[in-house]
Amino acid sequence: MQELVLVQPGRTVGDELVHEAAQADTRREFEERLAECGPLAYRVARGVLRNTADAEDVAQEALLRAYRRFDRLRDRKRFRAWLVRIAFRLALDRLRSGKRREHRDTLWSQPEHQPRAASAEDLAASNEFQAHLENALAELPEKLRLVLLLAAMEGHTIDEIAAMIGVSAGTVKSRIFYARKQLAEKLRCHVKITKTR
Amino acid sequence: MPCENYQDALVEAAATGAEPQGELRTHLGACAACHAAFAQERALFSSIDAGLRVTSNADVPASLLPRVRAQLNHLSASRRSWVPAWAVLAATAALILTVVVVRGRRQDASGQAPQSSALAHADLPAEIPAVATGAPPQTNSWPQMNKHRLPAKIQASASIEHLPVLLPAGQKAAFDVWLDGLRRGKMKANDLFAQNSDLPQQDLQISPLDVSPIEVKPLADVSGESPSHGGEARR
Numbered sequence: 001m002q003e004l005v006l007v008q009p010g011r012t013v014g015d016e017l018v019h020e021a022a023q024a025d026t027r028r029e030f031e032e033r034l035a036e037c038g039p040l041a042y043r044v045a046r047g048v049l050r051n052t053a054d055a056e057d058v059a060q061e062a063l064l065r066a067y068r069r070f071d072r073l074r075d076r077k078r079f080r081a082w083l084v085r086i087a088f089r090l091a092l093d094r095l096r097s098g099k100r101r102e103h104r105d106t107l108w109s110q111p112e113h114q115p116r117a118a119s120a121e122d123l124a125a126s127n128e129f130q131a132h133l134e135n136a137l138a139e140l141p142e143k144l145r146l147v148l149l150l151a152a153m154e155g156h157t158i159d160e161i162a163a164m165i166g167v168s169a170g171t172v173k174s175r176i177f178y179a180r181k182q183l184a185e186k187l188r189c190h191v192k193i194t195k196t197r
Numbered sequence: 001m002p003c004e005n006y007q008d009a010l011v012e013a014a015a016t017g018a019e020p021q022g023e024l025r026t027h028l029g030a031c032a033a034c035h036a037a038f039a040q041e042r043a044l045f046s047s048i049d050a051g052l053r054v055t056s057n058a059d060v061p062a063s064l065l066p067r068v069r070a071q072l073n074h075l076s077a078s079r080r081s082w083v084p085a086w087a088v089l090a091a092t093a094a095l096i097l098t099v100v101v102v103r104g105r106r107q108d109a110s111g112q113a114p115q116s117s118a119l120a121h122a123d124l125p126a127e128i129p130a131v132a133t134g135a136p137p138q139t140n141s142w143p144q145m146n147k148h149r150l151p152a153k154i155q156a157s158a159s160i161e162h163l164p165v166l167l168p169a170g171q172k173a174a175f176d177v178w179l180d181g182l183r184r185g186k187m188k189a190n191d192l193f194a195q196n197s198d199l200p201q202q203d204l205q206i207s208p209l210d211v212s213p214i215e216v217k218p219l220a221d222v223s224g225e226s227p228s229h230g231g232e233a234r235r
């Protein structure tokens, strides 16, 4: 099937071809980064949202947003950091709106607060400590949470994280230390409970 | 030193993952409870790190990248399809504008047509029948009628130059002088019309047509001749 190209009034055919070629280059360049950075966007979103489906949606949205604004990114070496920030922001927005929605749904559907009865399958499948950890992680300040998630991801050194979020390596180390310490304080009691069982 | 004094140092050592140094190391060697607490703290941080690795390195759904690529294709296609839509809109707008302008001009032309068809051209000889002496009111009224459509300069130059007018007999020379003054800019057409519009309109004087009476002659009586012609024929 023959592809039809419509020339815009006021533009020459040469301009049109140059424009098309530039778009193709942008797409190619973005595609090269997509395979490498797509998982990063997903994992950042997953770390914040703790939900696979939501994280996938947010990662997709972050990648598309990055593509739309790809031309504005002057230093392409900073693409990873840029994408991480987009994904992190979008995930936080989704988390907040999800909490509002959850609160609203609870008010309408359950006039009296009743704890959800866990099924035998739920109990068997759940990893209690992991659930507590993710809850504690969600309560951390945003700056600490992002650094901790990036540090826990495979292949990220302190210097890379520092470059990604635009702070010094010392700040990254400090944030990691305080974040882990805060998590330990929140989880210590759960470890004892687990042991006593 | 009591064990409580080593608690913070113990936690910090466990958090950093470094081996205890100095007094803490000595105390841990001597105090079994603190040694056990230190081991528990290290286990806690190990669990946290392991849990974070699980959270941070979750398997990426296989559908993510294909979904993104599909969306990128859709985005590129919609960008491409936007260009023809824009071009079609622009072309349509230009077409409508052209039609409106052409129709407007035609309407103007058709409005002039009845006048111009009834009028003779200015270049025609001055010996125009006296019936045509209604011309001056026509020349006054036409520019005023179109004043709201055309700028004054256009009315004064283009319209006058090409407008056929009727003139009273014998006034062609005066009209030529007036037209010449108009072309040289000595007078303005609108001023002249304004002045003329204040003047009382003179009654048209139409000389009656001189028609000579028609003489009707009776036809010759040809009925008597026909029998003789017929008789000769019989013979």
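First to last, the protein sequences are chains A and B.
Going by this note's numbering, the letters in the first sequence line up with residues 1 to 197, in that order.
Going by this note's numbering, the letters in the second sequence line up with residues 1 to 235, in that order.
Note that beta-carbon positions come from the ideal geometry of N, C-alpha and C, so glycine has one too.
Checklist entry - Does the beta carbon of B:Asn57 come closer than 7 Å to any beta carbon on chain A? => result Yes, B:Asn57 counts as interfacial toward chain A.
Item to check | the region 43-52 of chain A touching the region 15-31 of chain A, judged by at least three CB pairs closer than 8 Å | outcome: Result no; under three Cβ-Cβ pairs closer than 8 Å.
Item to check | Simplified DSSP state of B:Lys217, which is helix, strand or coil | outcome: For B:Lys217, the three-state secondary structure derived from DSSP is coil.
Checklist entry - From A:Val84, A:Ala41, A:Phe70, pick the residue whose C-alpha is nearest to that of A:Glu56; which is it? => result For A:Glu56, the nearest C-alpha among the options comes from A:Ala41.
Item to check | CB contact below 7 Å: B:Gly17 versus chain A | outcome: So no, B:Gly17 is outside the interface.
Next on the checklist: According to DSSP, is B:Gln7 part of a helix, a strand, or is it coil?
Outcome noted: It is helical.
Item to check | For B:Ala132, three-class secondary structure by DSSP | outcome: Its pLDDT being 42, under 50, B:Ala132 is placed unreliably by the model, and the measurement read from it follows with that caveat. Secondary structure of B:Ala132 (DSSP, three-state): helix.
Checklist entry - Taking buried to mean at least 16 other C-beta atoms within 10 Å of its own C-beta, is B:Ala156 buried or exposed? => result In this prediction, B:Ala156 has a pLDDT of 48, which is less than 50 and means its spatial position is unreliable; what the coordinates show is noted afterwards. Using a 10 angstroms sphere on the CB of B:Ala156, the tally of other CB atoms reaches 16 or more, which defines it as buried.
Next on the checklist: Does the contact criterion of 3 or more C-beta pairs under 8 Å hold for the region 144-158 of chain A versus the region 175-183 of chain A?
Outcome noted: Contact between the region 144-158 of chain A and the region 175-183 of chain A is present, because at least three Cβ pairs lie under 8 Å.
Checklist entry - Given that A:Met153 touches chain B, what residues does it touch there, using C-beta distances under 7 Å? => result Those within 7 Å of A:Met153 in chain B are Ser56, Asn57.
Checklist entry - Taking all protein chains shown into account, do 16 or more other C-beta atoms lie within 10 angstroms of the C-beta of B:Thr55, making it buried, or fewer, making it exposed? => result By the 10 Å Cβ count, B:Thr55 comes out buried.
Checklist entry - Excluding five sequence neighbours on each side, which residues of the same chain lie with their C-beta closer than 6 Å to the C-beta of A:Ala45? => result Closer than 6 Å at the Cβ level, and outside the excluded window around A:Ala45, lie Ala55, Val58, Ala59, Ala87, Ala91.
Checklist entry - Excluding the five sequence neighbours on either side, which residues of its own chain have a C-beta within less than 7 Å of the C-beta of B:Val11, listed in chain order? => result The answer, listed in chain order, is Glu41.
Checklist entry - Taking Cβ-Cβ distances shorter than 7 Å, what residues in chain B pair up with A:Lys181? => result In chain order: Ala15.
Checklist entry - Using a Cβ-Cβ cut-off of 7 Å (strictly less than) and excluding sequence neighbours within five positions of A:Leu83, which residues of its own chain qualify? => result Excluding sequence positions up to five before and after A:Leu83, its CB lies within less than 7 Å of the CB of Cys37, Leu40, Ala41, Ala62, Ala66, all in the same chain and listed in chain order.
Checklist entry - What number of angstroms, rounded off, separates the C-alpha of B:Leu52 from the C-alpha of B:Thr26? => result C-alpha separation (whole angstroms): 32 Å.
Checklist entry - Can you name the residues of chain A whose CB is closer than 7 Å to the CB of B:Ser46? => result Within chain A, no residue comes near B:Ser46; the closest Cβ sits about 11 Å away, beyond 7 Å.
Next on the checklist: Looking at the secondary structure, which residues open and close the alpha helix (DSSP H) in which B:Thr26 lies?
Outcome noted: Boundaries of the alpha helix (DSSP H) around B:Thr26: 22-30.
Checklist entry - Of all the residues that make up the region 98-110 of chain B, which are near chain A by a beta-carbon distance shorter than 8 Å? => result Listed in sequence order: no entries.
Checklist entry - Where do the ends of the alpha helix (DSSP H) carrying A:Asp54 lie? => result A:Asp54: member of the alpha helix (DSSP H) spanning 52-68, first to last residue.
Checklist entry - Is DSSP giving B:Asn57 helix, strand or coil here? => result Coil at B:Asn57, not helix or strand.
Checklist entry - Just curious, the alpha helix (DSSP H) that B:Gly17 is in, first and last residue? => result Taken as a continuous stretch (DSSP letters only), B:Gly17 belongs to no alpha helix (DSSP H), as it is neither H nor E.
Checklist entry - Mind checking if A:Trp108 is an interface residue toward chain B, Cβ cutoff 7 Å exclusive? => result Because A:Trp108 carries a pLDDT of 49, less than 50, the predicted location of this residue cannot be relied on, and the following value inherits that uncertainty. Chain B contact via Cβ: absent.
Checklist entry - Is A:Pro39 close to chain B, meaning its C-beta is less than 7 Å from at least one C-beta of that chain? => result Yes, because at least one Cβ of chain B sits closer than 7 Å to the Cβ of A:Pro39.
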